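Step one of this worksheet: look at the structure below.
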Amino acid sequence: MNFPDFNAVLLLSTISLPLLLAAGMARRGWRSCLVRLAPWAALPALIVVFAVPQGAAASFSWLFLGSHLGFDQTGYIFLLFTSTLWLLSGLFAQTYLADDTKRSRFFAFYLLAMAGNFGLILAQDLVTFYAYFSLMSFSSYGLVIHNGENESLRAGRIYLCLVVLGELMLFAAMVTMATNANSLLLHDAIAKPMSDVTLALLLLGFGIKAGALPLHVWLPLAHPAAPVPASAVLSGAMIKAGLLGWIRFLPLGLEAFPQWGALVMGAGLAAAFFSVLVGVTQTNPKTVLAYSSISQMGLITIAVGVVLMMPSLWPLVLPAILIYALHHALAKGALFLGVGVASHAATQAQRLWLFVGMLVPALALIGAPFTSGAIAKTALKADFTSLPTPWAGLLQFALPLAAVGTTLLMARFLWLLWSKPAAHGHSRSVLWIAWALLLVAVALISWILPIANSSGQDALKFDKIWAGLWPFAIGILVAWVALVRSGREGGIDYIRIPAGDWLAVLAWAAPYAARMGRALASDTLTVFWKTTTASLFQALRRLDSGQSWSGREDCLRNWSVAGMALLCISVILYLLTSAS
Amino acid sequence: MNFDQWLLVFILLSSFVTGLVIFFLKEEAHRLRTLANLFGALLKVILVGVMIAGVQANHVYESRLELLPGLDLVLHADAMSVLFATLSSVLWLVTTLYAVGYLEDEPHRSRFFGFFSICVSATTGVALAGNLITFLIFYEILTLSTYPLVVHRGTEKSLQAGRTYLIYTLSGGALLLLATVWLHTLAGPLEFSLGGTLAQVATQHRAELIAIFALLIAGLGVKAALFPLHGWLPQAMVAPAPVSALLHAVAVVKAGAFGIVRVVYDLYGVRTAEDLGVLAPLAGVAAFTIIYGSVRALFQDDLKRRLAFSTVSQVSYIALGTALFGYLSTIGGLTHLVHQGIMKITLFFCAGIFAHTLGVHKVSEMAGLGLRMPWSMTAFTIAALGMIGVPPFAGFISKWYIGLGAVSSGSYWAVAVLAASSALNAAYFLPILHAAWFRKRQDPWPADHAHGAGEGHWMLLAPPLATAALVVAAGVLANAPFSPLEWVRFIAEMEYGK
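Order-wise, the sequence lines are chains A and B.
The numbering of the first sequence is my numbering, which starts it at 1 and goes up by one.
The numbering of the second sequence is my numbering, which starts it at 1001 and goes up by one.
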């Protein structure tokens, strides 16, 4: 008997431990103990990050249609920030939701989504990825609608509609890829040439998850609706699953799609700027953060578009995307947890500390010098120089503008947070500790990671520092002017764009469409069918009830007539059979 | 006495004799009746197990009875018949348990269980039939033995439903008889064999074979609920829940679908059918039924009617998988035969529990059901998610293979049909799940028989939990040996290998 491969066991346990804990929630007596254990279910994943070498793999032929897990460089970075976020947010949630009666339900869904998230990072074949992706998406529904209010229910409904739409698009794409490659393994599937339809389905399907325009409308509704720790993992870790889907499923670095590349870059640019415009008009700080996520993912989308246009850039762009995803995940998580801390910060001193702490992720997101954001943005910008014109010039111009936009969003966010009334109740140290740990991670991780070394050194050069400083300065100036000009209200409160932007148009048209659909499907068809069959039966009955028929039958009952008929038939039959 | 020749007859008799015995039991002898029921069901499962072992070891089980010179009644155990026979006997066991619990204190139980057992004999006969005439005979016995089950309650609605059922199924049976006779005159007594035996005949009598195919599909399509022959199914929902479960998952609807599978693979042969050009119209009808059933289900408030239209839609997946020419879509269609059976039976068991224990018949009354009956609702959730096609449950596996088959045969429209149908399934199942788990109940339950606590009798609860576990196992362990998928792959290899 062979010893089970230690790495394989560890890889599987990242998924199985949260699943087991979630299953245990069924038993009422175990719930409080399981809630205490829940955040630590992310520990195997953290251990994998530090202990398992890159290149480890595990196959389970009996699971699904043959399941393959693997750990490569992409998986390493993704698992690093994902497990950190799930762990710290989980610890945060234990205390944040201490008075919540539905805490066990929250953690059951939390654990399921965690398992799905880890599973899809490690998945190396189509069906396994899809299974864990679905697990994560459907379990997050429970997180979104947690507080049960009407707005959360509406957000959950829209989220679920888009999840189902994304799942179906991915199903169609994957079925095509599996057939063409005759294999379920991801690296076999992307080696085959990909049709435009499949590419579109993948871009849209994963784009829904990643918050790409135009199917981003669930994000500004769902992320604010969920409790703060859930928003942190939703915005930090789970939307990166869409990005990972693009990285794993698209033939990046293998095939060139110039038109699609241009389209994707355009969509990314649109996302980066459109979300800024909508985000600064919001009044809920969490909605502003959600729009900021869309904006940042837009920048990553631009990078993906770059590689679609010029596959040779992939070896340079992939590390940049990974660094950016890492930095954004940790910074966004820290911002969301900070909102949670703010609702527990009572004294003026605490609010001051909160504000100072908030500057760390906010500046990181903007890309101010010496932050992780600076490294990430430097890494990203380095790859755009070899693009064909006009793209190179456009991106040189657009990226700093995007930084200005992010500054405006952060300014709006901080202003909204500051002007919220002081919290009631006492604050709890666990919240502060978890948040502080995350802040440390935001500040330091990018500087430590070997993958970011070259970009890190690059970011310390003077021209890069200046490149990070002037958009920040302009953004602060614009924000200051807006604040001063609008008086106490501060900001653009007279413009109201509802969260979910173009969804509002759809919401207006929906009742009419529903009425039409109902009439078409149920009433018209049924009425048509009933009238047709009714008239048919009526005709048959009329045929039967006529006097003439019974009269004719009486005639036949006469023996002589019957006998004659029988004789004729017999003669005919005899002739027929003898003739053959 | 050659055991190989008599095993199949014993399998049939195990439930037939049980049925006859139960007819003679007095109404009050419920312990004896339950014993007879469970004994018969267990015996059948054991005998089917022996048959599976034998087929694996390459035994040939066949029983013949000469009806007329040149016309035999043949029972034959090949891979496909073993698949269907196993499905029906295992599910009959759980349904029997469920029915005993459900019909406690109801009148005419001996009559019910008698016809129940005869119905399952007929289904097994359909499964084991070795040629078309045997299939037809048992098909008609199935019709006649399910009629008393449909009208069991004796109310005006039940009688009306039974009348509709008979009109539809007897007309279908007539068409089937016509087709059988016509085929017999054309090609003589044909036995089912892998790859079909009509290739020679097809070269000479093309038009006639196409017409016969249409008649066969029309006759089988009544039971298989193809549009527009599905009208009896939603009406038959007035029958008690065990009957609905049996009808939809085990016996009637599956027999129709199985018949279509037999006709395409073992009578005509998939290559001959493709040459004749009959597969494309079948695929079209199946695709239309898939969408039609799902759309109608969306607008039903009565839970069982919603599930009935869902059956109309899902059984056509089997027809679609059969009609798309390809090894992979065959796997998908046949796997769905098994998977849809276990998922649908779970849903109907749960619907029966909700109606029986709490008086909940409508979807709009299901708010807060998850808190009141967590176990039943969990089984319902698993089966519903499987129906939608969420991995890793059973429904996803069969949809995946049908999708693979659609792409490999170039029928991309079928992928779109699958996607649209999954979306519609999500639209009519997810709101139920949301209401049950996330909404609080305001009013008291319509008719709470369990007095505020508990989920009802264990005999009602154990079957759906067992079948829900099978739904999970069939999906998660799809690649493990002895899964339905492995068995179906074996069948498909033999069909296409020829």
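A virtual CB, placed ideally from N, CA and C, is assigned to each residue, including glycine.
Remember, predicted model here, so these are calculated numbers, not experimental data.
query                                                                                                                                         : result
Those runs of the beta strand (DSSP E) which lie wholly inside the region 154–201 of chain A and span at least 3 residues                     : none
Rounded Cβ spacing between residue 1342 of chain B and residue 1474 of chain B (contact assumed at less than 8 Å)                             : 7 Å
DSSP three-state assignment for residue 453 of chain A, whether helix, strand or coil                                                         : helix
Three-state class that DSSP yields for residue 1196 of chain B in the structure shown                                                         : coil
Span separating the alpha-carbon of residue 310 of chain A from that of residue 164 of chain A                                                : 32 Å
Cβ shell of residue 1213 of chain B (< 6 Å), same chain only, five flanking positions each side left out                                      : 1278
Coarse secondary structure for residue 92 of chain A, derived from DSSP in three states                                                       : helix
Segment limits, beta strand (DSSP E) that includes residue 71 of chain A                                                                      : 67–71
CB contact below 8 Å: residue 580 of chain A versus chain B                                                                                   : Note that residue 580 of chain A scores 48 on pLDDT, short of 50, meaning its location in the model is unreliable; the coordinates nonetheless yield the value given after this. Residue 580 of chain A does not count as touching chain B.
Chain-ordered chain B contacts of residue 134 of chain A [CB-CB under 7 Å]                                                                    : 1390, 1391
Residues of the region 1307–1324 of chain B with Cβ closer than 7 Å to any Cβ of chain A, in chain order                                      : none
Neighbour-count burial assignment, residue 1232 of chain B, 16 or more Cβ in a 10 Å radius                                                    : buried
Terminal residues of the beta strand (DSSP E) in which residue 1302 of chain B lies                                                           : That residue, residue 1302 of chain B, is in no beta strand (DSSP E); it is neither H nor E in DSSP.
Where the alpha helix (DSSP H) through residue 1358 of chain B begins and ends                                                                : 1327–1358
Straight-line Cα distance separating residue 451 of chain A from residue 199 of chain A                                                       : 29 Å
Counted within 10 angstroms of its Cβ, other Cβ atoms place residue 291 of chain A as buried (16 or more) or exposed                          : buried
Proximity of residue 1146 of chain B and residue 1119 of chain B at Cβ, strictly below 8 Å                                                    : yes
Residue environment, residue 1174 of chain B, which counts as buried when at least 16 other CB atoms sit within 10 Å                          : exposed
Chain B contact residues for residue 130 of chain A, given Cβ-Cβ distances below 7 Å                                                          : 1391
Those runs of the alpha helix (DSSP H) which lie wholly inside the region 22–53 of chain A and span at least 4 residues                       : 31–37, 43–51
Interface partners of residue 1458 of chain B on chain A, CB under 7 Å                                                                        : Residues of chain A passing the Cβ test: none, with the nearest at roughly 18 Å.
CB contact flag (residue 1276 of chain B, residue 1179 of chain B, <8 Å)                                                                      : no
Chain-order list of residues whose beta-carbon lies under 6 Å from that of residue 1488 of chain B (same chain, five-residue window excluded) : 1331, 1334, 1335
Cβ of residue 295 of chain A within 8 Å of any chain B Cβ                                                                                     : no
Three-state secondary structure (DSSP) of residue 1490 of chain B                                                                             : helix
Collapsed DSSP secondary structure at residue 1482 of chain B in the structure displayed                                                      : coil
Segment contact, 8 Å Cβ cut-off, at least three pairs: the region 183–191 of chain A with the region 469–482 of chain A                       : no
Beta carbon proximity, residue 261 of chain A to chain B, threshold 8 Å                                                                       : no
Enclosing alpha helix (DSSP H) for residue 59 of chain A [first to last residue]                                                              : Here residue 59 of chain A belongs to no alpha helix (DSSP H); instead the beta strand (DSSP E) covers 56–60.
The region 1076–1086 of chain B contacting the region 1022–1031 of chain B, beta-carbon criterion three pairs below 8 Å                       : no
Between the CA atoms of residue 27 of chain A and residue 490 of chain A - distance to the nearest angstrom                                   : With a pLDDT of 48 at residue 490 of chain A, under the threshold of 50, the modelled position of that residue is not reliable, and the figure given next carries that caveat. Answer to the nearest angstrom: the Cα atoms are 51 Å apart.
Any C-beta of chain A under 8 Å from that of residue 1476 of chain B                                                                          : yes
Bounding residues of the alpha helix (DSSP H) (the contiguous stretch that carries residue 295 of chain A)                                    : 285–309
Rounded straight-line distance, which links the Cα of residue 362 of chain A to that of residue 1396 of chain B                               : 43 Å
Separation of residue 155 of chain A from residue 1490 of chain B, as counted between CA atoms                                                : 46 Å
N- and C-terminal bounds of the beta strand (DSSP E) containing residue 1274 of chain B                                                       : Careful: residue 1274 of chain B lies outside any beta strand (DSSP E), inside the alpha helix (DSSP H) at 1270–1276.
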